[in-house]
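Presented below is the structure to which this report refers.
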């Protein structure tokens with residue numbers, strides 16, 4: 001375990017992640033307090049939100065998370081204590097991700113699901129949690145692909161890799177430019193990702209030119225020894241007026 | 001309806017699809033006989049396979065398919081009659097897509113699902129059917145994104161678009177080069193795809209250089225008036241020895 005923590009430290013240090021002290025992680029439980037999904041709400045478990053009638057936050061440990069996933073989660077949670085990194089909550093309806101002031105634009109449909117949260121069984125779909133570092137314009141996602149994401153036998157489908165990269169890099173673009181849409185996503189698939197493994201998706205906004213946000217991303221194994229994928233993306237910043245027009249023209 | 005059929009005819013004619021006679025489509029049922037998913041098996045309905053203890057073929061009409069989807073399906077089915085186009089069956093376990101002789105390499109896991117068939121409820125996930133034209137090195141996919149594929153409110157997630165493109169273009173690469181893996185996928189997202197709409201994903205192998213297969217793809221509305229996405233891809237042909245080594249190194 002120490003070797004793995006050391007390897008993780010080295011892998012992340014290469015990308016400039018701060019404060020990774022080997023051995024600080026908890027074991028099989030989420031030891032540290034996580035930032036609340038909503039102000040004032042405790043959220044040490046995934047069920048916390050739903051118990052209080054709030055939307056359930058899925059970016060919290062559950063029984064399907066492997067030891068690697070829990071260790072990484074706890075290490076990132078430690079890094080949130082100084083406020084530089086923040087955990088991003090995750091709900092299964094996109095409207096729960098949108099500020100209250102903007103929700104009036106949309107009618108909430110109960111039959112829709114955010115694509116990444118469309119598979120109910122814990123551990124079968126996208127198990128992931130994202131952490132944001134605003135000052136570095138960076139979002140890191142811890143991702144454990146489940147058995148329902150299969151492409152080649154035993155490995156995650158290229159579309160599921162594209163999906164988690166689009167979401168991670170998109171969250172990074174949103175943190176920089178607010179409401180955005182993907183204009184281009186280009187992915188080099190280097191090594192396949194085994195189902196049930198854990199990978200780090202590390203995205204960064206490289207440049208902003210007017211309404212264009214250019215980003216890049218790497219997907220690596222926890223020990224940093226395997227590069228699974230690299231990606232670049234262009235996102236376009238939308239203002240509310242343009243977004244409404246675009247929506248109207250497509251309906 | 002005639003206008004739509006005419007628009008479809010024009011849209012597909014631009015891409016060189018043969019024999020689209022306006023008005024030939026059926027209404028709310030799959031009128032024509034479909035090519036059997038397995039030799040000798042009738043497959044006029046999605047349940048045909050499972051009734052005989054075979055894997056269920058999901059690339060057949062179900063109650064969630066819209067009129068646009070059914071019309072398109074029937075038009076493509078008509079085009080299979082001269083043997084130039086073939087419908088590609090679709091199962092929810094990847095091993096059912098692999099020739100018997102290659103299955104010995106893999107252990108069948110009952111808990112895995114092909115990513116695109118991971119959502120059980122009809123109409124909620126990826127509703128699609130692909131048609132192959134071997135002589136044109138081309139695969140066209142009819143795609144109706146369901147309510148569980150949401151990204152921006154009311155629209156298909158960019159990851160779900162990438163997934164159906166990767167699968168369509170991948171099927172095209174397989175038809176040209178056998179066992180392949182995605183090396184690069186680059187997508188330009190032009191206009192968002194409304195949930196429940198129907199789009200055509202039209203892919204083509206442009207060039208083969210050694211083990212490299214270069215492909216391109218367009219995603220358009222049924223009437224051909226809206227370009228939703230364009231993509232290019234590079235797939236690498238794998239031989240069995242290399243594939244086994246790659247699998248072993250990742251496990």
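Residue numbers (UniProt numbering), protein chains in the order written: chain A, 1 to 251; chain B, 1 to 251.
All residues carry an ideal CB built from backbone N, CA and C; glycine is no exception.
Every value quoted in this text rests on a predicted model; they were computed, and no experiment measured them.
- Going by DSSP, residue 88 of chain A is part of the beta strand (DSSP E) stretching over 85-88.
- Taking a cut-off of 8 Å on C-beta distances, the region 192-209 of chain A does not touch the region 209-216 of chain B, as fewer than three cross pairs fall below it.
- For the alpha helix (DSSP H) assignment, the uninterrupted runs of no fewer than 4 residues enclosed by the UniProt domain "Thioesterase" (154-226) of chain B are, from N- to C-terminal side, 158-177.
- Residue pairing for residue 235 of chain B: DSSP places it in a beta bridge opposite B:182 and B:213.
- Distance between residue 87 of chain A and residue 80 of chain A, taken at the CA atoms: about 7 Å.
- Excluding five sequence positions before and after residue 230 of chain B, the CB atoms of its chain that fall closer than 6 Å to its own CB belong to 188 and 218, given in chain order.
- Annotated as distal: residue 173 of chain A and residue 147 of chain A, with beta-carbon spacing of 9 Å or more.
- In terms of beta-carbon proximity, residue 147 of chain A lines the interface with chain B, with at least one pair separated by less than 9 Å.
- Between residue 181 of chain B and residue 114 of chain B, the CB-CB gap reaches or exceeds 9 Å.
- Here residue 222 of chain A is not near residue 70 of chain A, since their CB atoms are 9 Å or more apart.
- According to the DSSP secondary-structure assignment, residue 127 of chain B is paired through a beta bridge with B:144.
- Assignment of beta-bridge partners to residue 138 of chain B by DSSP yields B:133 and B:204.
- Note on residue 110 of chain A: under 16 other CB atoms within 10 angstroms of its CB, so exposed under the neighbour-count rule.
- For the set B:216, B:170 and B:225, the Cα lying nearest the Cα of residue 236 of chain B is the one of B:170.
- Closest in C-alpha terms to residue 136 of chain B, from the list B:149, B:56, B:224 and B:215, comes B:215.
- By the neighbour-count definition (other C-beta atoms within 10 Å, threshold 16), residue 134 of chain A is an exposed residue.
- Counting C-beta atoms within 10 angstroms of its own C-beta, residue 178 of chain B has fewer than 16 neighbours from the protein chains shown and is therefore classed as exposed.
- Taking a 10 Å sphere around the C-beta of residue 68 of chain B, we find 16 or more other C-beta atoms and assign the residue as buried.
- Annotation: Cβ neighbours of residue 111 of chain B in chain A (cutoff 7 Å, chain order): 147.
- Between residue 128 of chain B and chain A, the shortest Cβ-Cβ separation is not below 9 Å.
- Residue pairing by DSSP places residue 229 of chain A opposite A:189 and A:219 in a beta bridge.
- Beta-bridge analysis with DSSP links residue 150 of chain B to A:114 and B:156.
- In this structure, the alpha-carbon of residue 92 of chain A lies about 46 Å from that of residue 82 of chain B.
- With respect to the 9 Å criterion, residue 228 of chain B and residue 176 of chain B are not classified as neighbours on the basis of their beta carbons.
- Secondary structure of residue 54 of chain B (DSSP, three-state): coil.
- Under the Cβ distance rule, residue 150 of chain A counts among the residues neighbouring chain B, one pair being separated by less than 9 Å.
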